[in-house]
Structure formats: C-alpha cells, structure tokens
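To start, the structure itself, in structure tokens.
There are 4 protein chains.
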Amino acid sequence: MIINMNEQATKEQIQHVIDRVKEAGYQAHITQGEERTIVAAVGSGGRRHELEALAAAAGVAGVVAISDPFKLVSRQAKPQRTVVNVGGVRIGDGSLVVIAGPCSVESREQLLSTAREVKDAGAHLLRGGAYKPRTSPYEFQGLGVEALRLLREVREEFGLPVVTEVMSTEDVDVICEHVDMLQVGARNMQNFALLRRLAVIDKPVLLKRGPSASVKEWLLAAEYLLAGGNRNVVLCERGIKTFETETRNTLDLASAALAREMSHLPVIVDPSHGTGRRSLIAPLSRAAAALGADGLLVEVHPCPERALSDGPQSLDFDGFRHLMKSLAEPMRSPVLVPQHA
Amino acid sequence: MIINMNEQATKEQIQHVIDRVKEAGYQAHITQGEERTIVAAVGSGGRRHELEALAAAAGVAGVVAISDPFKLVSRQAKPQRTVVNVGGVRIGDGSLVVIAGPCSVESREQLLSTAREVKDAGAHLLRGGAYKPRTSPYEFQGLGVEALRLLREVREEFGLPVVTEVMSTEDVDVICEHVDMLQVGARNMQNFALLRRLAVIDKPVLLKRGPSASVKEWLLAAEYLLAGGNRNVVLCERGIKTFETETRNTLDLASAALAREMSHLPVIVDPSHGTGRRSLIAPLSRAAAALGADGLLVEVHPCPERALSDGPQSLDFDGFRHLMKSLAEPMRSPVLVPQHA
Amino acid sequence: MIINMNEQATKEQIQHVIDRVKEAGYQAHITQGEERTIVAAVGSGGRRHELEALAAAAGVAGVVAISDPFKLVSRQAKPQRTVVNVGGVRIGDGSLVVIAGPCSVESREQLLSTAREVKDAGAHLLRGGAYKPRTSPYEFQGLGVEALRLLREVREEFGLPVVTEVMSTEDVDVICEHVDMLQVGARNMQNFALLRRLAVIDKPVLLKRGPSASVKEWLLAAEYLLAGGNRNVVLCERGIKTFETETRNTLDLASAALAREMSHLPVIVDPSHGTGRRSLIAPLSRAAAALGADGLLVEVHPCPERALSDGPQSLDFDGFRHLMKSLAEPMRSPVLVPQHA
Amino acid sequence: MIINMNEQATKEQIQHVIDRVKEAGYQAHITQGEERTIVAAVGSGGRRHELEALAAAAGVAGVVAISDPFKLVSRQAKPQRTVVNVGGVRIGDGSLVVIAGPCSVESREQLLSTAREVKDAGAHLLRGGAYKPRTSPYEFQGLGVEALRLLREVREEFGLPVVTEVMSTEDVDVICEHVDMLQVGARNMQNFALLRRLAVIDKPVLLKRGPSASVKEWLLAAEYLLAGGNRNVVLCERGIKTFETETRNTLDLASAALAREMSHLPVIVDPSHGTGRRSLIAPLSRAAAALGADGLLVEVHPCPERALSDGPQSLDFDGFRHLMKSLAEPMRSPVLVPQHA
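Chains as they are written, first to last, in our numbering: chain A, 1261 to 1601; chain B, 1261 to 1601; chain C, 1261 to 1601; chain D, 1261 to 1601.
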C-alpha cells in the first residue's frame, strides 16, 4: 500500500501516518518528493484494512493498493488451470463445454423434449431454472421442487448432468439432492450469505458475474467460495449494464479473457443473457470459443414465443442445431495473404 | 403492449400474432402503416408475459411496453405520499429525517459515544451494521448478534430508534427482535428470496438502490415488498456505478427526484456511500434536501481513520455537527437580482 | 509517479527502470517490499510521459500517477475562485446566474418573444443555437449566420448578453462578432483543434462536460483553454450516459460539486439536457443551487411541442416563471427538530 | 411513431395530437385502450421531428419510434455488404484485413522500421498518427505535416497504403494529399462539422465509435458521411467506457457484431485502444476474427517503453509476429465430442 500525503501535510501528520503503518504491522518506507511525501507500507503480515482506513487520516490525499486482494483465485496462487468435474463432464480441460436448456423448467414435456434435442445436438450439460429471479413479482417465479424432480428424472433418463440456479440459503439442501451443479445468478453475485453457504457444499458452483461487477469484484466473490472450502468454481460472463439499448446487456468478452488471465478458474460465456438477442448468439459463441472460453451457456426452448421467461433470447431446436454446427465448422480462415502482394 | 411487425412480415405471421394476443386475453387493434404493421394489445385482464414472449415470434421486430409494470408502488396507484413510522419517527411527512451512525458496530464504547453525539447534534435515527456485506472475505464481517444487542441497549438508553442491515433470510427473526427498521443493502436489492421474507414482517424496510439498478428495477424490488404485504418501505439512493474514478460511486440525485415523482414511497439519500468522499457529503446533503428528499443516511465514526469499514467516507463528530448546522442554516439565497439591471 | 514492479521482476529489469527514471529527468527512490519492489520517480522538471511509457517495460506491473496532471485549472494552482465576466454579467461571484432561451433559434418572433419573457422573469443571459449538433443528418441543423444576426439584434434590444454554440474552427470568427460567450458542446469537449482555437479568442467559453468524460478529462479539456491563454472558462455539467432509460441523461450533480472542489473555475448546471424531462428541471435546479453551483442553463421555448429541437425538455413561459419563483422562494427548511424529543 | 397518451388525457388533448399528426404529414390511427389511448402516425413522407416534438404536448406520456432513423447505412437500404477499397486493399470482402503501425509517427527510423516489420509479418495497411488527440495539452501532440510526409515516403517505398487520423476540417486537404484513408477518432465521432467535410472527399474514411456512443449513434454518424456523398466508410469498434478499471476501455465485440447485422458497412476492431493491455490483444483479435469482423487495427512500436504515446498497449515486433501467427493457425477446434458419451 502507498499512502500518498497532501502537498500541505505537516510533519506531525506524516509522523502520525508512519506510526499507524507500524502499528498495523508493516514497515514504513518514506519517499520525500519535491511536492509531496509518500509512505509505503512494506510487509505481508499486517492488517490491510488499517492501512486502507488511513485514507481518513489528516494530511492524507489517498491510499493506493499495489498488490491484489486475492489469495486463492489468482494465477499467482495457482499457475495451473483448474478443471471442474460436473457429473463426469470436465470444465476447464481445454475443450469447449456446452450447457444448454430452457430458462425455466415449465413442464415435463418441455424439459424432456429439450433434453433429448440438446443432447442429440452435442450439448454436455442441461440447464433449467426451478427458482427464477424475476424483476417483477408478477412474473413467473418457477416451479420450485417440482422442477427439481423433473431435472433429476431427465438427468437419469439421458445421462446429462444438470445445472440449476439457487436463490436462497434455505433451498441449498434440496437443490443439492437433485442436481449436479448450483448456479449463483448475476443478481446474487454479492449475496455473501449465499456464497458462504455454498462454500461448504460438495457440489460445484457456477458463479455468474454481476451486471456491474468489475473483474476484481467477481474474483473476490469467487474467493468467498474458495476461502470457505469449495474449490470447484466456474465463472460465467453474462453481460454488463451499459448505455446501449439495442441489446439487453453488453456481453463483455474482454472481461472473460481478463478473468482467464487473472485466475486459474474456468470461465464460460452466456451469450443468451449477454445479448438478449437471438441473432447475436452464434457470432458471439464463436468469438467466445476463439478467445479460449471454457464453455457456453445457451438457452434453448421448444417454442420460444411461448416461453414463460426469456423467450426472445432463446434458440429453438433448429437454431441450436445450427449453432452447434457452426461451432464445429472450421472457423473463417483469417489467412493473411497480403492483398497488395 | 405494442407488437411491432417486421417490414417483411407475412400475412400469416401477422395473423398468428393477432391470434396469440387474443389467446393471452387481450383485444388486438391493427394499424397498417406504409412500411409495417403494428398490433396493439388492448385490455387489462390478460397475461402480460405472453405478450412479451411474442418478441420471439416469427415476423416480429419488437414488443414495446406502453404501461408501467407497477401495481402498488406508483403514484397512479396511490396519489398521496406514504409516511413510514420508524419507532415514532415519521419518514415522508415533509421534514428531513437524518439517520446517522457508524458503518459497523465495533464496540460498546464506539456505539455509545456515537449515539450520544449524533442525537445531541439532532439526528433522528441511529444506524449501525451488525452483518456487513464485504467485497472481500478477508475484511471485517461484523459482530453479528453481539452488535444487535448493543444496538438495542443504545436504543433504550437514548430513545433513538435504530436501523441495521439484513443480509440473509436466516437472520430476519433475530434482527426484528432488536431493531426498528431493517435495511436491504444495495447488493441485495434483487435478492428476491430476502425481499419475499421481508414482505411478511411487521417492521419497516429501508431498500437501497442497487449500484446499476434502473429506477424501474428499484421500484419493482419495492413492489415485491408491497405485494407481499409490507407497505412500510423507504427507498434509499446510494450511488451508481459509472466510469468516474475520483469518487467511489456516482450519487444519482436525479433518480432520487424521479423516484419521488414515480412513486408515493419516501426517498432518502446516502451521500456517504454515494460519494465515498467526505468533502462532498455536505454539499450533496444540502442538494438532496433542496430537491425534496425525505431524509439522509450519513456515516459517523468517533475516529474514521480507525474505522473497521468505510473510514474514508465517515464524518467525525465535528464534521457531523458542521453538517447539521449547515443544513439548518438558510440556504444560499438564489435571489435573482438581474445583474444587468 | 510510482512504478510498481512485478513480483517476478529481475534485478536487471529493476535497474533498467531506475535508469529510465533518471533519463527522464527524475530521481528514483526504491522501496524494497517483501513481495515486490516499488520505484518512485521524484522531482518536478522531468518528462512525465516517459514515466508513463514505462508501463510497457519488462517487469513492470503498472505505473500509478500520484499527482494530478493539471497546471492551471486546479485549486492548488489558484486557490481563489475565478469570476468570468460575460457582457457585464459575472459568473462565479457567489450568485446564481440563470442562462435561458431556446435550444435553436428558429425565427425572429420566437427569439424576441423568448428573450422578452426570460429577461422579465429574471434571467441574466440568453442562449440560442445557431449551429446545431444533431445525432442524425436529417434533423434541423440550425439557421447559421442568420441566427447569429438575430441573437445580436436581440442582445442590443434587451441588453441581454448572449451565448451560442460553436461547432467548428471555421465559424469562430463570425460567432465572436455576434455574441458574448461561445459554448463548446458536450460532443466536442475533446475536439482539441476547436479548443486550441478558442484558447486564443478574447471571449469567454462555456465548456460542457462530455457525456462520458471523467471530471479529470473535463478539467484537462479546460486546461487546453487556459494553457493557450484564455482564462475565461465556465464549466457546465449536462448529464452523463448511464444504463438509465427513463431520462435522456443522468444529471451528475456530484461531479458538479467535485469540479468546484478541484478547480477554481465557475461551474454551472444544465438540467434540461441533463434529464430531458421537464418535470425534473425544477427540483434539480434547486438542488444545483443548494450545492453551490454558479448558475443554471435552462431551455425555454414559446411552444415546446412545436420546437425544432429539444421540445420535450424545454419549459414554456409559464414553466420558466414558476422555476424562477421556486428558486427565489426560501427553500424547504431542513429544520431538524428531533421528532423523538 | 406511436404517441402514447396519459391515462388522464382529455378528449381535447387527444384531438389536438391527432390534428398535429396530420399537420406533420401523416395519417393518424387511434387505438382506444382500457386505460389509455394510443395514436399511431402512419406514412413515410411526413416531418418526423414534428412527431418527436409531440412528447412536449399536453396529455402525452411519450413518443416511441418504431422505425429506425437510417436511410443509407442500414441493411434494409442495401442488403449486399459494402467493400471499401483503400489503395488497392479491399476491406469487407470476407477476408481479415490487418492495419498495423505506431500510435504516433515519431521519426523516420521509427516509421521505416515498423513499416518493414509489419509488412513482412503480413499486415495490409500501415497506420501512424500525425495529429494526435491527447487528453492533456502537455502531452505529445504529433509531428503534423512532417509526419504526413514520412507516411507518404514509406507508402511509396513499401507499397503499403496508409491511414492517419484527421482532427480538424482545416487539415483535410493536406492529409488527403499524403495518405490513402482518413481516420475519425473516437472523440470526434460526433464532430459533425468534420463529418460533413469528409463527406465530400474522395478518400475512404475509418470512423471510430465514440467511447459512449450507442450503435445507433455510431451508425447515424456514418449516415452523415453517406448522406453527404462518401460511401467508402469503414466502422471501427475501439472500446467503450464502463466501470471497469483493470482495462483502459471495455472492448465491445457484441456491438461490432450488431453493427455488422444492422449495417452493410465493413466493421473492424481495435483491440489496442479497446483494452489498453497488451496481453489481451491476441485473444480478442482471434475473437474478433471469429465473429466475422472485417479487420483489425493494431498498434506496433519498435520499443513500446519509449513510445511517445500508447506504449502500454503497443506490441513490439516480436509480439506482432506472434499475433499474426496465432491468427493464421487453425483456431482451437471447438469439436463437441460429448464427454459423457
């Protein structure tokens, strides 16, 4: 940490900061500039928050963190990439894992037919919402335990591991009994009570990025899971909030790449929520694959215009088959034949 | 709802949309433009989500909502402003209510001294965190039940009603036993499980706006509370995420004004979190008062540079006294003597 | 500047950075931490950009600026506030200056009637667009020189100094002949060719903040004007781009307050563009006045629904009179009678 | 356009709106809902801005545009993709064009060595700044005409067409004499005076997206060029402003894909400015190629740590060779072998 003094800081104020740095368990190195003084807190065993609080001390212009606040999620902590096993499917081993299925589980027929189709088209995991976070209380809130039972049934019938969202600590046990992976939705990324609860289960967690979470905040949310004991965490980029109104969110592929650079955890991409616009799912899925994403999360529904949620961004069965085919095709060769040659 | 057809939409596609509008319980009014056809769904008893899902139907360019999705929070629903009673203090009656206290309850001495000071300076309610949402798992997480006991003790000693944050459905009962008002933090604004639980308690709720929540999303979160039976809701603007890096957040006073225009619920403003910068608290508190905000939420600590959380944005006792004095002074008269006269 | 080395940086890399710091004209102070080394560049006569470029050197994790890049606009450079004289009206002397008028000059009658009304209601300056920056090429682009002539005529008839926007270096001379103050629009805030041209005129400049400019970028745009020789600069906050869709922009009063804290230049607020919503103009004008803004810029039109631009956010004459009255009224007394007393 | 009346709108107000719609040259179709009335303006020859201004009329809740404001840039207007010829290099023909070179032209040696290297590695066009838009007036502003001469010299020596940025209408002629393509920088995307000037030159234009421009605003800026007569326009996505601080900007590949869907113009991507972080250039370049981008714009410098601008985001020669190699390699096969099979 660097404590940056004001130009007008007095000797007493500087000495006070030096004393507080030592009190917090660090050494203080002073750099006397022409305009201002800088105090660097050196060491690793001290109490970081006491340094941060010095931003409130008299004569201090600001406190700048030099090192990252991560302990377990960073590449420095663990250079080799993590592979997460979800009911036998490995995420993070270099292949592209496709998770597909309806936004909400709506009925036995809907789920069965979708599972059959997406498996047949090559998907590795099935998704389906039992508990739905909805912006309005008057929207469909999910079938709850009934949906969980359907997910388990389908999982057994098709051998397709399943992922579903958990919204509350109270539902954790029952969800763990029925599915292979628990998803934390974007709006709960910083629901720390939920994160602490999921840190002590023995199922993997899919952690969606909040719609305005920085990459650091996202990784620190994952740090809650790892620090609590659950190392089976997959990150999922699903779009951020910006000023753009043509798309539901702005899919932030740059942050997916950055998260893979900063952390050893697998990173997958959700182009369905990330754009809210069906026509963009295929090009952005290909882009995600090209930058090294470990997987895709795609919404598929037998009849999107009758979906109880997220219809406009869901693919129908044909659309999903086309997507899978387009991913399997050799990508447009970016052969760089100099045209001027 | 307006269903806006593509320019290339076929007759069959248009007819299909008309059929689906009727199926959803609405009348369909068709406007045949030169370039495209528009289908308006008319009526109020239908199933709104079925219209929204038509965005996924063939030939549809988009679905535009004409009416707001609110039932209970809007001014249309209830033109007279709501007054929320918190332990005898009325929020929303036209006066400016000041809620002050430390970010976290750290010790008996800290809380007692702060309560004495802020009450003496004119504050109406005491705030103090028992359960702390922290971006990093390695930061101070709050004293929990011990803090709740201290809050109750202080409340009885000083007659100052208290507010504290609730982070989990599991803590709701114990918090209700100890305090007068429960706060939902910004990161939990769309924690719908928590909102549903708080809808059935008999204590008022302070609902902070999420850092990237639109005003509509914020009001819909409040709608969860009202729809579930709790009408004692106070909204709190506390800053949004933007590209600006000089301040912790961007305090969005325009949205505070807009929320008061769109809803009958009281709206207060938190300039401490809203800016993260002590020097801006006074001018923005005055601005909030001038635009009609129903109250302020201000962090005060006996020694900000030793605070376990949020030191840089906390006022010390002197700073709080100055703030209260500046709020009581007649504001700069914006008398408009034409200088050119 | 702090050059923060990687944890893996070699001795040679560190020495290279030290050499480069000296080469750039600074002294190098080294702090050897447990995990990493920090090199501080000390001094004031060196070449700052050479330090910034070291972010690209091997072994460097990042370069952090400690001091601000301003020379002339900052409060440190000039503690007393600047007062800008616009045709006899002083902006920045502690009073609230009101600039009012139509978005675009549309006709002689429109401008005359508006000028008469706003002067009568107490406005100090008249605004009116001659050259209009329009998002679409098919929208009304302004009357150009004809509008300038009307502005000069009105100025002479009513003794009301006038402000108009300049969009191109080529128009600077003719505009200077006709008006008292030149406005740089938000979209041109970083049109540096234009700023350099306006730095050498002898008229004051109204510099609007870009819709996604940080306060630092805004002040650096003003620095172009001051560094080039024009010290008569007024800053104008007019709303930033955010995810909110209920308003045209998000009026950022916090940044108006921050700009006044960081700079000695006067800061005014434009609630018309800042919100795009007529009903919010009065409450936000009052808020701007309360936080210490030096003035307001308000759009007024005889018949907003017939305006060639910005009708929805323009006040009609009655609306403007109400605004001025509401600004002159004593503000809601935030008297803090403890309700619990 | 849909004019959406208030629930409280009177018959007179509705009639007034109907009259105004007709006056503006449209037919008015009325839909009488249970709660409110909707007036649709039908036809294509009317004055669109008069409908927009009705948002200011009494009794009107809002005006919603149904059709896009584009005439020339949209896919509807011209379904086949545009190919732009830049000194013999075709952009938009399905291949991936690479434009590379230094941020600023700094010296003859710097430009010559870079041109030789990037051509040898397979780049198709050379970039280099002669006039530099810099946030601070104290930063390097470019070599101006001297740089233009160097660009022309290099172009002749290597047969590599060159692109450079234009910042002012006054420089257009001299730049046109020296280079093959003129770039409009992000900060000038809505410098309409400059756009109008560039609409009448016979050189192609590279139009960068503004840092907070929506896709519609970007396309409307291009519409200025096409409407004025210049159809040789290439769009360039270069990152938007968000809350993220780990990267200089947030590269918005989703909008690049959307712009290609909405418009027939070629779209290229600039991962250098888009991220400001060298390590992200390769993965995001591959992603851009995979989603169908028509080209890349990459900054290359012989010694980034000595660059006068943008060093941290510039590749050195080795880095650029690696990038080109990685683009030529077959992309990671997203073969979807069901692992559970």
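Beta carbons: idealized from backbone N, C-alpha and C, even for Gly.
**OP:** Determine the extent of the beta strand (DSSP E) in which residue 1441 of chain B is found, giving its start and end residues.
**Re:** 1441-1444
**OP:** Kindly indicate if chain A contains any beta-carbon less than 8 Å away from that of residue 1475 of chain D.
**Re:** yes
**OP:** Please confirm if residue 1312 of chain A has its CB atom under 8 Å from at least one CB of chain D.
**Re:** no
Original post:
Using the rule of at least 16 other Cβ atoms within 10 Å of the residue's Cβ for burial, across every protein chain shown, is residue 1415 of chain D buried or exposed?
Top reply: buried
**OP:** Determine the direct distance from the alpha carbon of residue 1369 of chain D to that of residue 1292 of chain C, and round the result to whole angstroms.
**Re:** 38 Å
Original post:
Less than 8 Å separating the beta-carbons of residue 1422 of chain A and residue 1466 of chain A?
Top reply: no
Subject >> N- and C-terminal bounds of the beta strand (DSSP E) containing residue 1466 of chain B >> reply: 1465-1468
**OP:** Since I believe residue 1484 of chain A is in contact with residue 1456 of chain A (beta carbons under 8 Å), could you give me their beta-carbon distance rounded to a whole number of angstroms?
**Re:** 6 Å
Original post:
Quick one: what's got a C-beta closer than 8 Å to residue 1463 of chain B's C-beta in the same chain, skipping five residues either side?
Top reply: 1436, 1439, 1440, 1441, 1442, 1492
**OP:** Could you please give me the residues that DSSP links to residue 1208 of chain A through a beta bridge?
**Re:** Absent from the model: residue 1208 of chain A. The displayed extent of chain A is 1261 to 1601, so no value can be given.
**OP:** Determine, using beta carbons only, whether residue 1525 of chain A comes closer than 8 Å to chain B.
**Re:** no
Original post:
Do you know how far the Cα of residue 1402 of chain C is from the Cα of residue 1366 of chain C?
Top reply: 8 Å
**OP:** Measure the alpha-carbon distance for residue 1400 of chain B versus residue 1461 of chain B and round it to whole angstroms.
**Re:** 28 Å
Subject >> Chain-order list of residues whose beta-carbon lies under 6 Å from that of residue 1470 of chain B (same chain, five-residue window excluded) >> reply: 1446, 1449
Subject >> Buried or exposed by the 16-neighbour rule on C-beta atoms within 10 Å, applied to residue 1571 of chain A >> reply: buried
Original post:
Measuring CA to CA, which of A:1557, A:1582, A:1568, A:1573 is closest to residue 1356 of chain A?
Top reply: A:1557
Original post:
Between the region 1535-1563 of chain A and chain D, which residues of the former have CB atoms less than 8 Å from a CB of the latter, in chain order?
Top reply: 1535, 1537, 1539, 1540, 1543, 1544, 1546, 1547, 1548, 1549, 1550, 1551, 1552
Subject >> Spatially closest choice to residue 1284 of chain D from C:1472, C:1565, C:1587, C:1274, by CA coordinates >> reply: C:1565
Original post:
Does the separation of the CB atoms of residue 1384 of chain C and residue 1343 of chain C fall below 8 Å?
Top reply: no
**OP:** With 7 Å as the limit, tell me which residues of the region 1409-1428 of chain A have their beta carbon closer than that to any beta carbon of chain B; keep them in chain order.
**Re:** 1427, 1428
**OP:** Determine the burial state of residue 1271 of chain A: buried for a count of at least 16 other Cβ atoms within 10 Å of its Cβ, exposed for fewer.
**Re:** exposed
Original post:
Taking the beta strand (DSSP E) that residue 1387 of chain C falls in, what are its first and last residues?
Top reply: 1385-1387
**OP:** Determine the closest residue to residue 1479 of chain B out of B:1262, B:1521, B:1381, B:1584, with distance taken between C-alpha atoms.
**Re:** B:1521
Subject >> Within-8 Å CB hit, residue 1398 of chain A to chain B >> reply: yes
**OP:** Helix, strand or coil for residue 1350 of chain B, going by three-state DSSP, please let me know.
**Re:** strand
Original post:
Of all the CB atoms in chain B, is at least one closer than 8 Å to the CB of residue 1293 of chain D?
Top reply: yes
Subject >> Assumed close pair residue 1527 of chain C, residue 1516 of chain C - CB separation to whole angstroms, cut-off 8 Å >> reply: 5 Å
Original post:
What residues from chain A crowd round residue 1300 of chain C, counting only those whose CB sits closer than 7 Å?
Top reply: 1291, 1298
**OP:** Specify whether the region 1547-1555 of chain A and the region 1298-1313 of chain B touch according to this definition: at least 3 beta carbon pairs, one from each stretch, less than 8 Å apart.
**Re:** no
**OP:** Determine the closest residue to residue 1276 of chain B out of B:1294, B:1309, B:1316, B:1295, with distance taken between C-alpha atoms.
**Re:** B:1316
Original post:
Along chain F, which residues have their Cβ under 9 Å away from the Cβ of residue 1532 of chain C?
Top reply: This model lacks chain F altogether, as its protein chains are A, B, C and D.
**OP:** Mind listing the chain C neighbours of residue 1286 of chain D? Cutoff is C-beta to C-beta under 7 Å, in chain order.
**Re:** Ordered by position in chain C, no residue passes the 7 Å Cβ test against residue 1286 of chain D, which lies about 15 Å from the chain.
Original post:
When you compare only the Cα positions, how much space is there between residue 1312 of chain C and residue 1265 of chain A?
Top reply: 21 Å
Original post:
Using the rule of at least 16 other Cβ atoms within 10 Å of the residue's Cβ for burial, across every protein chain shown, is residue 1559 of chain C buried or exposed?
Top reply: buried
Original post:
Any idea what DSSP makes of residue 1579 of chain B, helix, strand or coil?
Top reply: helix
Original post:
Which runs of the alpha helix (DSSP H) fall wholly inside the region 1394-1443 of chain A and span at least 4 residues, in chain order?
Top reply: 1405-1418, 1432-1438
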